[in-house]
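Structure, as structure tokens:
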Amino acid sequence: ETQLRIAAHEIFHPPFDKNDAELISLLADLRDDPWMMSIVNDHDPQFGYNSFEGVVDEGSTQALDQIVSDRLGFAQDPGERWRESDGGMHMFAAALYQAMRESGFAAEGGNYSDWFKNALRSGLLSPSEVKRRAALVAGRDAVEAWGPN
């Protein structure tokens, strides 16, 4: 099961074009959010993902691999996964996972980059909604462990 989860994960890197000017612009509110930046700046740097872009890339990839793992029956419990993995830093992954489930993307699929930009545009992934959705998956304590709330 571990090998299957790793295979489901690695195939998604990178989940979007990192040079997409529109996406970069749409991520500005999250990049400016003190809570989100506390995850970037205050996690153990040995885990990697030491930039905002790294956290967004990894969070996207983890949320996508969780959806695949759920569908194929070899998933870890998402709340437990994101509370414990890498010191609990993957709150963005938890929020994305919840947003994909709520919006129907998890069931229907599609182009992730398009979905991601639409979710940012519509406010589905505003800073407050990221925190709220992460708490639905990983719990309020896991969210409040990071920066200003």
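The opening residue of the sequence shown carries number 1279 in this note's numbering; numbering runs sequentially from there. Note that beta-carbon positions come from the ideal geometry of N, C-alpha and C, so glycine has one too. This one's a predicted model, so the numbers in the text were calculated from it and none came from an experiment.
Open item on the list: List, from N- to C-terminal side, the beta strand (DSSP E) runs of 3 residues or more that fit wholly inside the region 1347-1411.
Closed with: none
Open item on the list: Quick check: Val1408 and Met1314, are their CB atoms within less than 9 Å of each other?
Closed with: yes
TODO: Decide if the region 1293-1310 is in contact with the region 1348-1363; the criterion is three or more beta carbon pairs, one per stretch, under 8 Å apart.
DONE: no
- [ ] Please state if the CB of Val1346 and the CB of Phe1370 are separated by a distance shorter than 9 Å.
- [x] no
Task: Whole-angstrom distance between Asp1311 and Ser1391, CA atom to CA atom - done: 21 Å
Open item on the list: Among Ala1420, Gly1401, Ala1306 and Asn1427, whose alpha-carbon lies nearest the alpha-carbon of Ala1372?
Closed with: Ala1420
Task: Endpoints, alpha helix (DSSP H) assigned at Pro1312 - done: Pro1312 to Asp1320
Task: Which of helix, strand or coil DSSP assigns to Gly1332 - done: helix
Task: Closer than 8 Å: Arg1361 CB and nearest the ligand GTP heavy atom - done: The ligand GTP is not part of the structure shown, which contains no ligands of any sort.
Task: Alpha-carbon spacing of Leu1308 relative to Gln1354, whole angstroms - done: 27 Å
Task: Buried or exposed by the 16-neighbour rule on C-beta atoms within 10 Å, applied to Asp1320 - done: exposed
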